[in-house]
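Asker:
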Amino acid sequence: VRLQVQNVEKPLYRGTFHCFQSIIKQESAFGLYKGIGSPMMGLTFINALVFGVQGNTLRALGKDTPLNQFLAGSAAGAIQCIICCPMELAKTRMQLQGTGEYKQKTKNYKNSLDCLIKIYQKEGLRGINRGMVSTFIRETPSFGFYFLTYDCMTRYLGCEAEDSYVIPKLLFSGGMSGIVSWLSTYPMDVIKSRLQADGVGGVTQYKGIMDCVRKSYHEEGWRVFTRGLTSTLLRAFPVNAATFATVTVFLMYMRSDDNIPECEPDPVIHQPSNL
Numbered sequence: 281v282r283l284q285v286q287n288v289e290k291p292l293y294r295g296t297f298h299c300f301q302s303i304i305k306q307e308s309a310f311g312l313y314k315g316i317g318s319p320m321m322g323l324t325f326i327n328a329l330v331f332g333v334q335g336n337t338l339r340a341l342g343k344d345t346p347l348n349q350f351l352a353g354s355a356a357g358a359i360q361c362i363i364c365c366p367m368e369l370a371k372t373r374m375q376l377q378g379t380g381e382y383k384q385k386t387k388n389y390k391n392s393l394d395c396l397i398k399i400y401q402k403e404g405l406r407g408i409n410r411g412m413v414s415t416f417i418r419e420t421p422s423f424g425f426y427f428l429t430y431d432c433m434t435r436y437l438g439c440e441a442e443d444s445y446v447i448p449k450l451l452f453s454g455g456m457s458g459i460v461s462w463l464s465t466y467p468m469d470v471i472k473s474r475l476q477a478d479g480v481g482g483v484t485q486y487k488g489i490m491d492c493v494r495k496s497y498h499e500e501g502w503r504v505f506t507r508g509l510t511s512t513l514l515r516a517f518p519v520n521a522a523t524f525a526t527v528t529v530f531l532m533y534m535r536s537d538d539n540i541p542e543c544e545p546d547p548v549i550h551q552p553s554n555l
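The sequence shown begins at 281 in the numbering used here and counts up one residue at a time.
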């Protein structure tokens with residue numbers, strides 16, 4: 281977030297690792313965890329919602345095809361924006377608080393919940409949902425590629441339940457799914473972050489998505505749309521590797537205790553959506 285929204289004329293950070301070093305030096309190791317409250321509150325609900333909607337949508341579509349995997353994933357991505365947008369708004373505001381051009385003598389927000397409450401009191405529901413359209417544009421295709429990539433990877437690698445290397449294969453498939461999903465819509469994530477951070481320093485720069493795109497490109501060139509990509513991908517692989525592998529293994533375990541005929545595994549491990 282800090283790399284995505286920093287002032288190009290007076291940049292605080294030269295890159296991912298310089299940002300990492302600067303945060304530790306100026307704010308201690310605790311600075312790396314700024315804004316962690318909102319993801320901690322929301323991620324459990326988001327993952328439950330995403331995998332639930334994706335699985336039910338795929339069953340409703342009736343056939344497990346690559347297109348249906350993409351459509352089911354997209355539906356899940358669209359629905360979870362309801363939770364994701366306010367959560368990321370609070371995370372963005374908390375991470376920017378007390379840094380660079382957003383630096384103030386007193387802290388506006390005590391924590392993520394306090395942040396959302398104060399935004400609501402000042403701006404209402406519109407303020408809480410700032411960046412909703414850009415979040416929707418980012419999340420809908422992103423989750424489509426997320427589940428499609430995982431499905432293709434596990435089939436290509438031949439992830440069989442009896443395979444002694446099934447866990448590493450699932451981890452690799454999940455990690456690659458995370459990377460592909462982020463690469464597919466990352467420029468929109470930059471725009472979303474800028475819109476949610478807009479006005480924090482007291483001055484509103486952007487009227488909307490297209491205005492943000494035009495001004496960002498005009499002032500900083502096309503590279504602005506890849507700002508912070510390295511740190512995002514470094515995080516995406518392990519996080520999504522663990523998420524997908526955990527969900528798949530858990531559902532395999534649950535299915536192994538069932539005697540329902542239609543739940544018998546095929547040669548290739550069922551995706552979470554098929555269980």
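No residue lacks a Cβ here, since even glycine has one placed at the ideal position from N, Cα and C.
Buried or exposed for Cys299, please, with buried defined as at least 16 other CB atoms from any protein chain shown within 10 angstroms of its CB.
Answerer: It counts as buried.
Asker: Under a three-way DSSP split, which group does Asp431 fall into?
Answerer: Note: Asp431 maps to helix in three-state DSSP.
Asker: Are the CB atoms of Leu338 and Ala352 within a distance shorter than 8 Å?
Answerer: A contact, by the Cβ cut-off of 8 Å.
Asker: Would you kindly work out how many angstroms separate the C-alpha atoms of Val548 and Ala525, rounded to a whole number?
Answerer: Confidence at Val548 is low in this model, with a pLDDT of 41, below 50, so its placement is unreliable and no value can be given for it.
Asker: Would you check if the stretch 472 to 489 and the stretch 430 to 441 touch, i.e. whether three or more CB-CB distances between them fall below 8 Å?
Answerer: Touching, no.
Asker: Return the chain-ordered list of same chain residues with a C-beta closer than 6 Å to the C-beta of Glu419, the five sequence neighbours on each side being excluded.
Answerer: Contacts found: Gly357 and Cys361.
Asker: In the DSSP assignment, the alpha helix (DSSP H) including Asn348 goes from what residue to what residue?
Answerer: First-last of the alpha helix (DSSP H) with Asn348: Pro346 to Ile359.
Asker: Rounded to whole angstroms, what is the Cα-Cα separation between Lys385 and Phe505?
Answerer: At Lys385 the pLDDT is 47, less than 50, meaning the model places this residue with poor confidence and gives no usable figure here.
Asker: Of all the alpha helix (DSSP H) runs that stay within the bounds of the stretch 421 to 497, which reach a length of 4 or more residues?
Answerer: If we require 4 residues or more, the alpha helix (DSSP H) runs fully inside the stretch 421 to 497 come out as 446 to 477.
Asker: Quick one: what does DSSP say Ile316 is sitting in, helix, strand or coil?
Answerer: Ile316: coil per DSSP, three-state reduction.
Asker: Could you pull the start and end residues of the alpha helix (DSSP H) that Tyr400 belongs to?
Answerer: From DSSP, the alpha helix (DSSP H) with Tyr400 extends over Ser392 to Ile408.
Asker: Whether or not the stretch 456 to 463 and the stretch 402 to 412 are in contact is what I'm after, with contact meaning three or more pairs of Cβ atoms, one per stretch, closer than 8 Å; do they touch?
Answerer: No, because fewer than three Cβ pairs between the stretch 402 to 412 and the stretch 456 to 463 fall closer than 8 Å, the two stretches do not touch.
Asker: Assuming Thr523 contacts Gly454 (C-beta within less than 8 Å), just tell me the rounded distance between them.
Answerer: At roughly 6 Å, the Cβ-Cβ gap stays under 8 Å, so Thr523 and Gly454 are in contact.
Asker: Going by alpha carbons, who is nearest to Pro421 out of Met374, Asn391, Arg474 and Ala355?
Answerer: The candidate whose alpha carbon is nearest that of Pro421 is Ala355.
Asker: Report yes if the C-beta distance between Thr415 and Cys492 is below 8 Å; otherwise report no.
Answerer: Not closer than 8 Å, so no.
Asker: I'd like to know if the stretch 425 to 436 and the stretch 492 to 502 are in contact, where contact means that at least 3 CB-CB pairs between them fall below 8 Å.
Answerer: These segments do not touch.
Asker: Look up Lys343 in the DSSP assignment and say whether it is helix, strand or coil.
Answerer: The answer is coil: DSSP assigns Lys343 none of H, G, I, E or B.
Asker: Do Leu369 and Gly411 come within 8 Å of each other at the CB atom, strictly closer than that value?
Answerer: For Gly411 and Leu369, yes; Cβs fall inside 8 Å.
Asker: So, at 8 Å on beta carbons, what are the nonlocal neighbours of Thr512 in its own chain, with the 5 sequence-adjacent residues on each side left out?
Answerer: For Thr512, where only same-chain residues beyond five positions count, the Cβ hits under 8 Å are Trp462, Tyr466 and Asp469.
Asker: Which class does Gln377 belong to by DSSP, given the choice of helix, strand or coil?
Answerer: In the structure shown, Gln377 sits in coil (DSSP, three-state: anything other than H, G, I, E or B).
Asker: Check each candidate in Ile326, Gln349, Thr324 and Pro319 and name the one with the smallest Cα separation from Gln375.
Answerer: Checking every option, the nearest Cα to that of Gln375 belongs to Pro319.
Asker: Measure how close the beta-carbons of Gln476 and Thr372 come, nearest whole angstrom, since I'm counting them as under 8 Å.
Answerer: Right, their Cβ atoms sit about 5 Å apart.
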